[in-house]
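Take a look at the structure set out below.
Right under this line is the structure:
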């Protein structure tokens, strides 16, 4: 079973295409203990609450930076968060934005899929095919998944990504490369396309559908970053993207929903936020 | 004292602009014990031999992928390798090719400079200024260093980096961005420019000199990857680059020199390889 199948199966089971970012910030975690215990317990409680209320999201995406900033304690917490996510049956996307020369990427792929046991990873495209190749080999041979940065959700994204090359934007060329690079692992190799630039997203969706590429998108940027989930769904539907393998990400909007709610029940607030995002998406 | 000063001082002290990559591959380390002990002891012995023979390089560059592939044991070894490198007075470049949205990059910067205690890091440019900004803040305020991928040494580099945008290559535009992004941390923010494309390297050096940018380059690709150290020095001199803050990297050519030498004295062979590379560079 490949990553695309895992996505599809989870969408059906959990009735959700929400990807829950899991990006710990100690100052916002209302639990005592050291970083390892605080972080792992925080996400364990959220996932247990979501599971018991039948509101598990469609995937979980820990960004490794937020764990690594707390050193070994943070990294040990990441191990536990991944284990808990697998226990409740969630696809695990390790957000790591890796990319290096071939043999180094091979070592990173071993880290991500071997050591961490992730189902999927995020990659940076600047170094070209041989830098993403070792990851894509795992997608081809072992059904792992990879999302390559295409049109990102941050303000500075356009600085390079929107440069014009003979009438086309750099992100359009990268989209073409993603289709090409992933052609032997169709459905397992996808693109990161931010919700903050709906016009660009629509263009890219049209392109992928035209190319008949079974393309899973990882869509960050809704909520705190300003993108609209309704608009994303409408674009995905309008352009004919295969909805069941898409994922719309929200991190702090779910993780720290309790702050806005003015409650100490962070797990309950997170579950409520997942429910609300499911409703907004309404695929 | 900023990163540029650290480079300059080390060049003077060690009479070397060699950067020694420290990229462990267990199969090639002729020592017993678990990964943590094998890796840390391997590099400790090399650095001790280099120190006692007054042949320390101008910097050390562990690529975190090679440690992370061995999980926590590998990462604990990285801690020890960095500690040893600091003990013998080497600038530590953590090769991590990081880059994410602002708050995530801030967490990565905390990992790299705070937790690992590196002096410098490598970064990917695709996500734009706000993705490198949190690292550059450390360069501006705390004298840390950062090299941004510009024209990399791998075969696939040209796929995106050599795309033409209104008569200029993407890597030329990235070079301009690096100068702009690093303008408040001059000398601490540099570029990764591979030795495998000497024509591109010469062009970039000319550009940096024209811009009067005090630009430290990290130059991979000599040795195993096919670039020539003599040619690099000749380009650096000809274009008027400030040699003392440049670094030419060799990883496996130094690390596993013992294999070619047909000896078990890996530390002695590594020291000999550093000496030879110093001679080839002859700045």
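Protein chains in written order, with the numbering used here: chain A, 1 to 283; chain B, 1001 to 1283.
Ideal Cβ placement from N, Cα and C applies to all residues, glycine included.
Can you check which of these residues, 153(A), 272(A) and 213(A), is closest to residue 224(A) by C-alpha distance?
The sequence position of residue 224(A) within the first chain is 224, counting from 1. Per the Cα distances, 153(A).
Are there 16 or more other CB atoms within 10 angstroms of the CB of residue 1168(B), so buried, or fewer, so exposed?
Taking the second chain and counting its residues from 1, one reaches residue 1168(B) at position 168. Exposed is the call here.
Leaving aside the five residues before and after residue 17(A) along the sequence, list all residues of the same chain whose C-beta is less than 8 Å from its C-beta, in chain order.
What you label residue 17(A) is simply residue 17 of the first chain in a count that begins at 1. So the list reads 11, 58, 243, 244, 246, 247, 248, 281 and 283, once near-sequence residues are dropped.
For a quick check, are the C-beta atoms of residue 1271(B) and residue 1055(B) less than 8 Å apart?
Taking the second chain and counting its residues from 1, the one referred to as residue 1271(B) is at position 271. Taking the second chain and counting its residues from 1, the one referred to as residue 1055(B) is at position 55. In this structure, residue 1055(B) lies closer than 8 Å to residue 1271(B) by Cβ.
Sort out for me which residues DSSP pairs residue 1021(B) with in a bridge.
In the second chain, the residue the question calls residue 1021(B) occupies position 21. Answer is 1061(B).
Do the region 1120 to 1130 of chain B and the region 71 to 83 of chain A touch if we need at least three Cβ pairs shorter than 8 Å?
Verdict: no, contact absent.
Measure from the alpha carbon of residue 1184(B) to the alpha carbon of each residue in 1197(B), 1209(B), 1138(B) and 1015(B), then state which is nearest.
To locate residue 1184(B), count along the second chain from 1; it is residue 184. Ranking the options by Cα distance to residue 1184(B), first place goes to 1138(B).
Taking residue 1068(B) as the query, report the chain A residues whose CB atoms sit under 8 Å from its CB, ordered along the chain.
In the second chain, counting from the first residue as 1, residue 1068(B) sits at position 68. Residues of chain A passing the Cβ test: 107, 108, 111 and 115.
Would you kindly work out how many angstroms separate the C-alpha atoms of residue 132(A) and residue 1221(B), rounded to a whole number?
Taking the first residue of the first chain as position 1, residue 132(A) is located at position 132. Taking the first residue of the second chain as position 1, residue 1221(B) is located at position 221. The alpha-carbon atoms of residue 132(A) and residue 1221(B) are separated by roughly 19 Å.
What are the complete alpha helix (DSSP H) segments, minimum 4 residues, inside the region 69 to 120 of chain A?
Those alpha helix (DSSP H) runs which fall completely within the region 69 to 120 of chain A and span 4+ residues are 71 to 87 and 102 to 109.
Would residue 1240(B) and residue 1209(B) be called neighbours here (beta carbons separated by less than 8 Å)?
Along the second chain, read from residue 1 onward, the residue named residue 1240(B) stands at position 240. Along the second chain, read from residue 1 onward, the residue named residue 1209(B) stands at position 209. Yes. Within cutoff.
To the nearest angstrom, report how far apart residue 354(A) and residue 1262(B) are at their CA atoms.
A question about residue 354(A) goes unanswered here, because the residues of chain A that appear run from 1 up to 283.
With a threshold of 16 other CB atoms inside 10 Å of the CB of residue 164(A), please say whether the residue is buried or exposed.
Within the first chain, the letter at position 164 stands for residue 164(A). Exposed, by the Cβ-count rule.
Check each residue of the region 1155 to 1189 of chain B: if its Cβ is closer than 8 Å to any Cβ of chain A, include it; give the result in chain order.
From the region 1155 to 1189 of chain B, only 1155, 1156, 1157, 1158, 1159, 1160, 1161, 1163, 1164, 1165, 1166, 1170, 1173, 1174 and 1177 have a Cβ closer than 8 Å to chain A.
Would you report the Cα separation of residue 295(A) and residue 49(A), rounded to the nearest angstrom?
Residue 295(A) cannot be examined here, being either before or after the span of chain A that is shown, 1 to 283.
Is it buried or exposed for residue 30(A), if we count other Cβ within 10 angstroms and need 16 for buried?
Within the first chain, numbered from 1, the residue matching residue 30(A) stands at position 30. Exposed, by the Cβ-count rule.
CA-CA distance, residue 1215(B) and residue 1238(B)?
Against the second chain, residue 1215(B) aligns to sequence position 215. Against the second chain, residue 1238(B) aligns to sequence position 238. So the two alpha carbons sit approximately 15 Å from each other.
Determine whether the Cβ of residue 201(A) lies closer than 8 Å to any Cβ atom of chain B.
Working through the first chain from its first residue, we reach residue 201(A) at position 201. So, not an interface residue.
If you run the structure through DSSP and keep just helix, strand and coil, what is residue 239(A)?
For the purposes of this step, residue 239(A) is identified with residue 239 of the first chain, where counting begins at 1. It is helical.
Answer yes or no: does any C-beta atom of chain B fall closer than 8 Å to that of residue 130(A)?
Mapped onto the first chain, residue 130(A) falls at position 130. Yes, contact with chain B.
Answer yes or no: the CB of residue 131(A) versus the heavy atoms of the ligand SAM, is any distance below 7 Å?
The ligand content of the structure shown is nil, which means the ligand SAM is not present either.
Step through the CB atoms of chain B and report whether any lies within less than 8 Å of the CB of residue 152(A).
Here residue 152(A) is taken as the residue at index 152 of the first chain, counted from 1. So, interface residue.
If the criterion is Cβ atoms closer than 8 Å, does the pair residue 235(A) and residue 276(A) meet it?
Reading the first chain from its first residue, position 235 is the one you call residue 235(A). Reading the first chain from its first residue, position 276 is the one you call residue 276(A). No. Outside cutoff.
Going along the chain, which residues of its own chain have a beta-carbon closer than 6 Å to the beta-carbon of residue 41(A), five neighbours each way excluded?
Here residue 41(A) corresponds to residue number 41 of the first chain, with the count starting at 1. The answer, listed in chain order, is 31.
Tell me whether the beta-carbon of residue 92(A) lies closer than 8 Å to the beta-carbon of residue 147(A).
Position 92 of the first chain, counting from 1, holds the residue named residue 92(A). Position 147 of the first chain, counting from 1, holds the residue named residue 147(A). No. Outside cutoff.
How about residue 1136(B) and residue 1094(B): do their beta carbons lie closer than 8 Å?
Against the second chain, residue 1136(B) aligns to sequence position 136. Against the second chain, residue 1094(B) aligns to sequence position 94. No. Outside cutoff.
Does the Cβ of residue 1199(B) have 16 or more other Cβ atoms within 10 Å, making it buried, or fewer, making it exposed?
If you number the second chain from 1, residue 1199(B) lands on position 199. Label assigned to residue 1199(B): exposed.
Would you grab the beta carbon distance between residue 35(A) and residue 77(A) for me? Rounded to a whole angstrom, and I think it's under 8 Å.
The residue you call residue 35(A) lines up with position 35 of the first chain. The residue you call residue 77(A) lines up with position 77 of the first chain. Going by Cβ atoms, the distance from residue 35(A) to residue 77(A) rounds to 6 Å, so yes, they are a contact pair.
Could you tell me which residues DSSP pairs with residue 1250(B) in its beta bridges?
Position 250 of the second chain, counting from 1, holds the residue named residue 1250(B). Its beta-bridge partners are 1020(B).
With a 10 Å radius around its C-beta and 16 neighbouring C-beta atoms as the bar for buried, classify residue 1172(B) as buried or exposed.
Translated into the one-based positions of the second chain, residue 1172(B) becomes position 172. Buried: at least 16 other Cβ atoms inside 10 Å.
Helix, strand or coil: which one does DSSP assign to residue 1029(B)?
Position 29 of the second chain, counted from the first residue, corresponds to residue 1029(B). It is coil, neither helix nor strand.
Against chain B, which members of the region 77 to 105 of chain A pass a CB distance test of less than 7 Å?
Answer set for the region 77 to 105 of chain A: 97, 99, 100, 101, 102 and 104.
Less than 8 Å between the C-beta atoms of residue 1085(B) and residue 1047(B), yes or no?
Residue mapping note: residue 1085(B) aligns to position 85 of the second chain, counting from 1. Residue mapping note: residue 1047(B) aligns to position 47 of the second chain, counting from 1. Cβ distance < 8 Å, so residue 1085(B) and residue 1047(B) count as in contact.
Any beta carbon of chain C sitting closer than 8 Å to that of residue 1149(B)?
This model lacks chain C altogether; the protein chains it does include are A and B.
Alpha carbons only, please: which of 1279(B), 1257(B) and 1278(B) is nearest the one belonging to residue 1269(B)?
Sequence index remark: in the second chain, residue 1269(B) carries index 269 (1-based). Ranking 1279(B), 1257(B) and 1278(B) by Cα distance to residue 1269(B) puts 1257(B) first.
How big is the Cα-Cα spacing for residue 112(A) and residue 134(A)?
Along the first chain, one-based indexing puts residue 112(A) at 112. Along the first chain, one-based indexing puts residue 134(A) at 134. Cα to Cα, residue 112(A) sits roughly 12 Å from residue 134(A).
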